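Visitor: Just passing along the structure, written as structure tokens.
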Amino acid sequence: MGFIISILSTLIYYYSWALIIYILMSWFPNARSSSIGQFLGRICEPYLEPFRRFIPSIGMIDISPIVAFMVLNFATAGLGQLARWFA
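Written as structure tokens, this is what we have:
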């Protein structure tokens with residue numbers, strides 16, 4: 107069980123970095139139109155969309171990725187608790 111939790115924690119870690127890169131790409135014109143931007147969009151947008159639906163943006167600032175990161179951190183903490191529970 108610990109192996110599965112370790113793999114899930116690693117996947118969440120890499121997914122968090124993918125989200126960071128995808129969000130930073132919005133600062134550069136046409137960066138999301140590149141092949142890397144399109145790939146990251148396909149894997150990040152389905153996760154960000156529910157947060158964007160419920161959390162309104164403040165002017166031009168979209169705070170939904172902050173909440174998305176908090177949810178990922180809670181998931182990582184939950185996996186850590188599961189690891190301790192099963193150990």
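Using my numbering, read the sequence shown as starting at 107 and increasing by one per residue.
All residues carry an ideal CB built from backbone N, CA and C; glycine is no exception.
Since this is a predicted model, take the numbers as computed values, not measurements.
(1) What does the alpha-carbon distance come out to for the pair Met176 and Gly143?
(2) Go through its chain and collect everything with a Cβ distance to Ala189's Cβ below 7 angstroms, but skip five positions before and after it.
(3) Helix, strand or coil for Ile164, going by three-state DSSP, please let me know.
(4) Where does Tyr128 land, buried or exposed, given buried means 16+ other C-beta within 10 angstroms?
(5) Return the chain-ordered list of same chain residues with a C-beta closer than 6 angstroms to the C-beta of Phe178, the five sequence neighbours on each side being excluded.
(6) Whose C-alpha, out of Leu125, Asn136, Pro156 and Asp168, is nearest the C-alpha of Leu146?
Guide: A quick look at the data gives this:
(1) 23 angstroms
(2) Gly108 and Ile111
(3) strand
(4) buried
(5) Correcting the residue type first, residue 178 is Leu in the shown sequence and not Phe. Same-chain partners within the cutoff: Ile118 and Ser122.
(6) Leu125
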